[in-house]
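Visitor: Please find one structure pasted underneath; my questions will follow.
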Amino acid sequence: MIQYKMQRDKGVLVVKPQGPLTQEDFAALSRETGEYITAQGALNGFVICTPKFPGYKNVQGLLAHLKFVRKHHRHIKKLAFVSDSRFYKIAARWVNRFIRPTVKHFPGRDESAALDWMGAPGGH
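Take the position in the sequence shown, starting the count at 1, then add 87; the result is the number in this note's numbering.
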């Protein structure tokens, strides 16, 4: 299950996984993200806040995640991982090579710093 909130005034989607990721989670995120991108042209930022990587409920959840990334990554400017998990520190460096958004990792207590970064010009 995923909790999420679109900050429409900033063009930022904040996502907080609450358990293993499912196909339904990504269907809901895709609707929210797609509607905003259709109306505004791009999403300024996508913030993922979680203590650890939640994993996937099943293979359909993984495939839905890959499909979501393929469909939307060109229309997202920045991606922030807010977590103390080592997985996200490594993921921030790794995925930066394969997707359009500029990716940055923030410690778990720094959600506000990640949101500030979303509003800053440029990628760094």
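The beta-carbon is built from N, C-alpha and C at its ideal position, and this holds for glycine as well. Just so we're clear, the structure is a prediction, and the values are computed from it rather than from any experiment.
1. Report the three-state DSSP secondary structure of ALA115 (helix, strand or coil).
2. Can you list, in chain order, the residues of its chain whose CB lies under 6 angstroms from that of GLY132, leaving out five sequence neighbours each side?
3. The beta strand (DSSP E) spanning MET93 covers which residue range?
4. So, SER117 versus PHE140, is the Cβ gap smaller than 9 angstroms?
5. By Cβ distance below 6 angstroms, which residues in the same chain neighbour ASP203 in space, the five residues on each side in sequence not counted?
6. Can you tell me which of the three DSSP states GLY106 falls into?
7. How many angstroms separate the CA atom of GLU122 from the CA atom of PRO104?
8. So if DSSP puts HIS192 in a beta bridge, which residue, or which two residues, is it bridged to?
9. Suppose contacts are defined by Cβ-Cβ distances below 9 angstroms. Is HIS192 in contact with ALA151 by that definition?
10. What residue range is occupied by the uninterrupted beta strand (DSSP E) comprising PHE133?
Guide: For this structure:
1. Note: ALA115 maps to helix in three-state DSSP.
2. Same-chain partners within the cutoff: VAL99, LYS165, MET205.
3. Element bounds for MET93: 89-94.
4. No.
5. Sequence-distant partners of ASP203 (beyond 5 residues in either direction) whose C-beta falls short of 6 angstroms from its own C-beta are missing from its chain.
6. Coil.
7. Looking at the two C-alpha atoms, the distance is approximately 21 angstroms.
8. Beta-bridge partners of HIS192 (DSSP): PHE168.
9. For the pair HIS192 and ALA151, the CB atoms are not nearer than the 9 angstroms cut-off.
10. Counting along the chain, the beta strand (DSSP E) containing PHE133 begins and ends at 130-136.
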